[in-house]
Structure formats: C-alpha cells, structure tokens
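The listed protein sequences derive, respectively, from chains A and B.
My numbering numbers the first residue of the first sequence as 3 and each following residue consecutively.
My numbering numbers the first residue of the second sequence as 647 and each following residue consecutively.
Even for Gly, the Cβ is constructed at its ideal location relative to N, Cα and C.
None of the values given here were measured: they were computed from a predicted structure.
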Amino acid sequence: MSKLMPLEQAVSQFIQDGDCVYAAGFTHLIPFAVGHEIIRQRRRDLVLARATPDLIYEQMVAAGCARKIIFSYIGNPGVGSLRIVRSEIEAGRLEIEEYSHFGMISRLQAGATGLPFIPMNPTAALDLERANPRYRRVVDPYGGGEVVVLPPLNPDVAIVHVQRADRDGNAHIWGIIGEQKEAAFASRRVIITAEEIVDEDIIRADPNRTMIPGFLVSAVCHVPFCAHPSYTQGYYDRDNAFYLTWDQITESPEQTRAYLDEWVYGVDDRAQYWEKLGAECHDRLKVEPRLSKPINYGEY
Amino acid sequence: MEYTASELMTVNAARLLRDGDVVFVGVGLPNLACNLARRTHAPNLLMIYEAGVVGARPNRLPLSIGDPTLVSGSTLVCSMYEIFSLYLQRGNVDVGFLGGAQIDRYGNINATVIGDYDQPKVRLPGSGGSMEIAAWANRCYIITPHQKRRFPQRVDFRTSGGFLDGKHQRLESGVRGGGPQAVVTDLGILEPDTSGKMILTACHPGVDG
Chain A
3 MSKLMPLEQA VSQFIQDGDC VYAAGFTHLI PFAVGHEIIR QRRRDLVLAR ATPDLIYEQM
63 VAAGCARKII FSYIGNPGVG SLRIVRSEIE AGRLEIEEYS HFGMISRLQA GATGLPFIPM
123 NPTAALDLER ANPRYRRVVD PYGGGEVVVL PPLNPDVAIV HVQRADRDGN AHIWGIIGEQ
183 KEAAFASRRV IITAEEIVDE DIIRADPNRT MIPGFLVSAV CHVPFCAHPS YTQGYYDRDN
243 AFYLTWDQIT ESPEQTRAYL DEWVYGVDDR AQYWEKLGAE CHDRLKVEPR LSKPINYGEY
Chain B
647 MEYTASELMT VNAARLLRDG DVVFVGVGLP NLACNLARRT HAPNLLMIYE AGVVGARPNR
707 LPLSIGDPTL VSGSTLVCSM YEIFSLYLQR GNVDVGFLGG AQIDRYGNIN ATVIGDYDQP
767 KVRLPGSGGS MEIAAWANRC YIITPHQKRR FPQRVDFRTS GGFLDGKHQR LESGVRGGGP
827 QAVVTDLGIL EPDTSGKMIL TACHPGVDG
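What follows is the structure in structure tokens.
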C-alpha cells in the first residue's frame with residue numbers, strides 16, 4: 003500500500019502539539035527538512051528526544067516548538083555549545099531529561115524490543131543516576147551484584163531520513179546507522195523521508211540493507227537534500243561550514259530570528275531551500291562515487 | 647625543531663598508544679593522536695568511533711564524530727547500541743580518550759554542569775559516551791589544556807569516574823576498566839600514584855615545573 007505523500011501533509015497528519023518526537027540520526031541523515039516543516043506548521047509543546055539535539059532541535063527550540071528535551075549530549079559537534087538550548091536551560095525555560103549515550107540508546111532499545119526495562123553494567127560515576135530518577139538499580143537475580151536499569155522510550159513519532167525507500171516505506175540505509183532502526187521500532191508512528199523513492203524491486207535486490215520494514219511506516223515522503231547541513235552518505239557531504247556559521251548566527255536572538263525568517267518561514271519547502279543555497283554550496287557538498295562490489299544472493 | 651605546545655601534546659598522546667590497541671577515538675586532538683600513532687609506531691591500531699564505525703581509515707580530519715570519511719573504507723559499521731554494548735560494555739576496547747571542563751586529582755571528570763545541576767551557572771554538553779568509556783575501557787587518557795580552573799579540588803558534577811576518592815574505591819566499585827592512566831596537557835604529563843592521585847611526571851621543554 004503506497005504511503006507516499008508530501009512532507010507538509012505527513013507533518014500535519016502525524017505530528018500533533020505535545021507529541022514526543024524522535025528525529026533520528028547520529029550526525030548522519032539528520033532530517034532537517036522535517037524540523038523546518040514542523041517549525042512552519044507552528045507545532046508547540048513538543049518533547050524533543052535525540053541523543054545529540056544538534057542544530058535541528060536548537061532551531062526548533064529557538065522557534066518555540068519545544069517544552070522539553072531528552073538527550074545525552076547537547077553540543078554543536080566539533081564546534082562548541084548549542085547556545086540557545088544552553089541559555090534556555092540555564093534560564094529554566096526548557097525542561098531536560100538527561101542520559102549518557104548508552105543510557106539514551108538503551109532506552110530506545112528497550113522501547114524497540116518491547117521490554118519493561120533494560121539493564122546495563124554500572125559505571126563508577128553516580129551523579130547522573132542521582133540527577134535523573136529514571137535511572138534505578140536492581141539486584142541481578144542470578145547473583146553478581148547490581149545492574150543499572152532504565153525504562154523504555156516510546157516516542158509518539160519517529161522521523162527517519164534514508165537514502166532510498168519504496169512507496170510502502172521499506173527503507174535502505176547505509177553509512178552511519180546510529181539509532182534509526184531502534185527509533186522506528188520504538189515509536190508509535192514513523193515518518194520516512196527519502197533521497198530517492200525506488201521500485202520495490204530495488205529494495206528486494208538487497209534485503210540485508212533494509213533497516214526499516216514498511217509495515218511500521220505511516221508516511222513516506224520524497225525529500226531530496228532533506229539532511230542539509232547534515233549529510234547523506236554517498237549523496238552529499240556534511241556542510242561543516244554551516245555548523246561553524248550557526249555558532250555565529252546564534253550569538254544574538256535577532257540574527258537567529260532573521261535566519262529562521264529567511265531560511266525556514268521564508269521558503270515553502272526543501273526544494274526551494276536547496277535552490278536558495280545556490281550553486282557554490284551545491285558544488286562544495288558534491289561527493290565522488292565510491293561503489294561497493296555487488297554481492298551474489300543467488301537464484302533459489 | 648619548531649613545534650607548538652598542542653603538537654607536542656598530540657605526540658605525547660600518540661606515544662601512549664600501543665600497536666594492536668583497540669581505541670575508542672574522540673574528535674579533535676585524540677583523533678589526530680590516533681592517526682599519528684597508526685601512521686608511525688602502531689600500524690595495527692584499530693580505531694573505533696562511537697558513531698558505530700570500526701577500523702576507520704579517515705582521509706581527512708573530521709570536524710564531527712560522525713563524518714562520512716570515517717565510513718568509507720572502514721571494516722565495519724554498526725548501530726550505536728552495538729558499539730556501546732558489543733564493543734565497550736563487553737570489554738573489547740583497550741583505550742578511551744576523555745576531556746572535560748573540570749578534572750579533579752583522582753581523574754574524575756565534569757562535562758555536565760558548573761554550579762548546581764538544577765540551577766546551573768554554566769550548562770555544559772553532558773556525558774555523550776564518556777560515562778561508559780571512563781568505566782569500561784581498559785585504559786583511559788585525559789587530554790586537556792593545563793589551566794588552573796580546570797583542576798579544582800572537587801568537580802561540581804562527576805560525569806565520568808576516575809579513581810573516585812582513591813584507587814581502592816574504584817577497585818571496590820567493581821567497574822571493569824583500569825581508570826585514567828595519564829593526563830596529557832600542553833605543559834606536561836600527569837600520572838596516577840599508588841593511591842590514584844595525579845602527579846606531575848613530565849614537563850615539556852621550557853616549562854618550569
């Protein structure tokens with residue numbers, strides 16, 4: 003059954019005010035176009051969950067979409083701090099729920115596999131366990147002391163950008179695969195955005211590469227360049243220069259507002275945004291091909 | 647020979663790596679140190695990145711920990727849950743690199759908050775992978791600029807554990823890793839004594855110890 007629809011419709015139909023949203027992707031495949039669409043549709047009181055909130059959640063926080071973030075690292079990767087998220091937390095205007103990376107993704111793993119909680123070996127640092135009451139310790143029933151446990155994370159909606167998907171939502175991902183699969187299985191609804199919509203035959207030609215099965219998926223949207231300034235392996239490079247520029251933009255609220263006005267509210271969709279970035283940017287982010295060798299599944 | 651303090655720091659960090667080590671690489675200076683070691687005395691260094699990349703051979707210096715150059719030409723890519731469970735928690739990582747805003751004399755690190763957690767004076771990025779790296783890597787090395795404000799008596803928040811309040815405490819805690827083995831700074835190197843206290847063991851040329 004085709005679930006193909008415009009991104010605008012997917013956001014309006016599947017993301018409500020107050021929802022817990024997980025925009026997946028560890029540095030790679032971050033679905034910026036969906037964040038921008040959520041901002042344009044003026045969603046409010048969202049709970050934004052991501053291991054690394056990155057610029058996508060900073061922009062959503064700046065636009066007033068969020069009441070809370072759930073995270074394990076709030077920095078601008080390789081650059082420094084997320085100024086807006088940081089100052090909102092320091093001012094007490096943004097609620098937080100904090101984990102280590104392993105704690106955060108263990109919660110997703112529990113959510114994705116239907117477990118009531120998930121154990122981890124203890125670490126020697128207890129302050130985060132004290133600061134976040136969701137961290138608990140239980141006695142290992144088989145002996146050997148205590149284990150740290152966390153409850154599942156089951157977001158209302160996962161947003162996952164992929165290289166290619168068919169109309170049913172069966173999705174191929176390669177490159178860094180972070181927590182996309184876990185986010186999709188953990189969430190109640192899944193929005194897939196794809197660089198390319200392909201025939202089912204392409205998916206079936208390489209089933210080992212399918213990370214997300216179509217039956218989990220609520221909507222499939224064709225959104226080329228969805229991830230910019232993040233990247234899509236093999237399609238375009240990470241725009242490191244923009245990550246550095248964002249650090250300067252967010253030095254003042256006026257500049258941040260001007261950015262959102264020009265690049266989010268001021269464009270209709272990702273196609274317009276990409277065109278507006280211009281030829282210099284397109285050229286800079288081009289990647290040379292590096293093909294894998296085909297494998298033989300065999301005819302049976 | 648002309649060199650900067652930061653270059654010497656990188657070389658010192660690289661020398662701590664042994665051929666055949668499995669190392670959990672961080673961006674910035676640790677990444678440089680690992681790549682230097684692999685191109686010199688440790689050709690069999692296996693570089694693992696927390697984004698889920700094993701056996702990376704980056705062609706350029708990545709700005710972020712999830713750069714696409716880490717993937718192309720690597721030996722394996724897996725999920726984050728797998729990198730932290732199959733590799734780190736299982737005990738397959740020899741070396742981890744750590745940094746932070748505050749480091750105390752026992753190598754406990756604060757990367758979370760200056761001031762009170764609920765009413766922060768300065769909110770820092772938080773743990774990322776460091777809480778578990780500090781606990782489960784066989785050896786940890788801390789890389790930091792040598793500034794007074796970074797070495798307080800006590801850290802405001804223990805994001806990751808070193809020797810806690812003494813080496814015996816870490817042993818009693820039962821965590822598998824050996825804890826911090828050295829603090830590499832732009833002025834020299836500190837190493838733990840038998841109680842786990844970090845002692846200055848080397849100064850860079852020209853630094854008055």
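Q | Close beta carbons around K767/B, own chain, < 7 Å, minus the five adjacent residues each side | A | Excluding five sequence positions before and after K767/B, the CB atoms of its chain that fall closer than 7 Å to its own CB belong to I760 and G761, given in chain order.
Q.
Any beta carbon of chain A sitting closer than 9 Å to that of R795/B?
A. Not closer than 9 Å to any Cβ of chain A, the Cβ of R795/B fails to qualify, so no.
(Q) Cβ closer than 8 Å: which chain B residues qualify as neighbours of D129/A? (A) Near D129/A (Cβ distances below 8 Å), the residues of chain B are T758, Y763, F803, R804 and T805.
Q: Output the distance between the C-alpha atoms of T805/B and P296/A, rounded to the nearest integer angstrom.
A: Each residue's alpha carbon lies about 45 Å from the other.
Q.
Against chain B, with Cβ distances strictly below 9 Å, would A173/A count as a contact?
A. Judged by the 9 Å Cβ criterion, A173/A is not in contact with chain B.
Q | Rounded distance between the beta-carbons of I161/A and V36/A, thought under 8 Å | A | 5 Å between Cβ atoms; contact.
Q. Measuring CA to CA, which of Y695/B, M655/B and G812/B is closest to V668/B?
A. Out of Y695/B, M655/B and G812/B, Y695/B has the C-alpha closest to the C-alpha of V668/B.
Q: State yes or no: is the beta carbon of E10/A nearer than 9 Å to at least one beta carbon in chain B?
A: No - not a single Cβ of chain B is within 9 Å of the one on E10/A.
Q) DSSP state of Q815/B, grouped into three classes? A) In this structure, Q815/B counts as helix in the three-state DSSP scheme.
Q) In chain B, what lies closer than 8 Å to Y24/A by C-beta? A) The contacting residues do not exist; Y24/A stays about 13 Å from chain B at best.
Q. Which chain A residues are close to M777/B, counting only those with a beta carbon under 7 Å from its beta carbon?
A. Near M777/B (Cβ distances below 7 Å), the residues of chain A are S102, T125, A127 and L130.
Q: Decide yes or no for the touch test of the stretch 11-31 of chain A against the stretch 224-241 of chain A: beta carbon pairs closer than 8 Å, at least 3 of them.
A: The stretch 11-31 of chain A is in contact with the stretch 224-241 of chain A.
Q: Using a Cβ cut-off of 9 Å, pull out every chain A residue sitting near Q735/B, in sequence order please.
A: Within 9 Å Cβ-Cβ: F104, M122 and N123.
Q: State the CB to CB distance for the pair I788/B and G745/B, rounded to an integer number of angstroms; the pair is presumed to be in contact (CB under 8 Å).
A: Indeed, because the Cβ distance is near 7 Å, the residues count as touching under 8 Å.
Q: Take Y237/A as the anchor and find which of F104/A, L287/A and S89/A has the nearest alpha-carbon.
A: It is L287/A.
Q) Name the DSSP bridge partner or partners of G742/B? A) In the DSSP output, where bridge partners are listed per residue, G742/B has F670/B and C786/B.
(Q) Please state whether the Cβ-Cβ distance between C786/B and G820/B is less than 9 Å. (A) Contact: no.
Q: Report the residue ranges of all beta strand (DSSP E) runs contained in full by the stretch 764-810 of chain B; include only those spanning at least 3 residues, in chain order.
A: Listed in chain order, the beta strand (DSSP E) runs fully inside the stretch 764-810 of chain B are 766-769 and 785-789, counting runs of at least 3 residues.
Q.
In the DSSP output, which residue or residues are listed as bridge partners for H163/A?
A. According to DSSP, H163/A bridges with T195/A.
Q | Per-residue contacts from F28/A into chain B (C-beta, under 7 Å) | A | Those are A697, G712 and M726, listed as they occur along chain B.
Q) Counting Cβ pairs closer than 8 Å, one from the stretch 90-105 of chain A and one from the stretch 126-137 of chain A, do we hit at least three? A) With the cut-off at 8 Å, the stretch 90-105 of chain A and the stretch 126-137 of chain A touch.
Q: List the residues of chain B that G80/A touches, going by C-beta distances under 7 Å, in chain order.
A: Going along chain B in sequence order, the residues near G80/A (Cβ under 7 Å) are V673, L709 and S710.
Q. Can the beta-carbon of Y59/A be found closer than 9 Å to that of I41/A?
A. Cβ distance not < 9 Å, so Y59/A and I41/A don't count as in contact.
Q: Check whether the Cβ of T258/A lies closer than 9 Å to any Cβ atom in chain D.
A: In the structure shown, chain D cannot be found, because the protein chains are A and B.
Q. Which chain A residues are close to A780/B, counting only those with a beta carbon under 9 Å from its beta carbon?
A. Within 9 Å Cβ-Cβ: T125, A126 and A127.
Q. Counting along the chain, where does the alpha helix (DSSP H) carrying V657/B start and finish?
A. For V657/B, the enclosing alpha helix (DSSP H) begins and ends at A651 to R661.
Q. Is the beta carbon of H111/A sitting closer than 9 Å to the one on I98/A?
A. Residue 111/A is actually Gln in this sequence, not His. No, the pair does not count as a contact, with Cβ atoms beyond the cut-off.
Q. Comparing alpha-carbon positions, which option in I86/A, D129/A, V140/A and T115/A lies nearest N123/A?
A. When the alpha-carbon of N123/A is set against those of I86/A, D129/A, V140/A and T115/A, the nearest one is in V140/A.
Q) Is it true that the CB of P79/A sits closer than 9 Å to the CB of V673/B? A) Less than 9 Å separates the beta-carbon of V673/B from that of P79/A.
Q. Taking the DSSP output, what are the residues bridged to L152/A?
A. In DSSP, L152/A forms a bridge with I120/A.
Q: Could you pull the start and end residues of the beta strand (DSSP E) that M213/A belongs to?
A: For M213/A, the uninterrupted beta strand (DSSP E) segment begins and ends at T212 to I214.
Q) Among residues of its own chain, excluding the 5 on either side of R190/A, which ones have a beta-carbon nearer than 6 Å to its beta-carbon? A) Sequence-distant Cβ neighbours of R190/A in its own chain, meaning closer than 6 Å and more than five residues away, are D158.
Q.
Need the endpoints of the alpha helix (DSSP H) that Y59/A sits in, please.
A. Element bounds for Y59/A: D56 to A64.
Q.
Any contact between the stretch 674-681 of chain B and the stretch 649-660 of chain B? By contact I mean 3 or more CB pairs, one from each, below 8 Å.
A. Output reads yes: the stretch 649-660 of chain B touches the stretch 674-681 of chain B.
**Q.** Distance, A780/B Cα to L691/B Cα
**A.** Between the C-alpha atoms of L691/B and A780/B there is a straight-line separation of about 20 Å.
Q) With 16 other CB atoms within 10 Å as the buried threshold, where does D56/A fall? A) Buried, since its Cβ has 16 or more Cβ neighbours within 10 Å.
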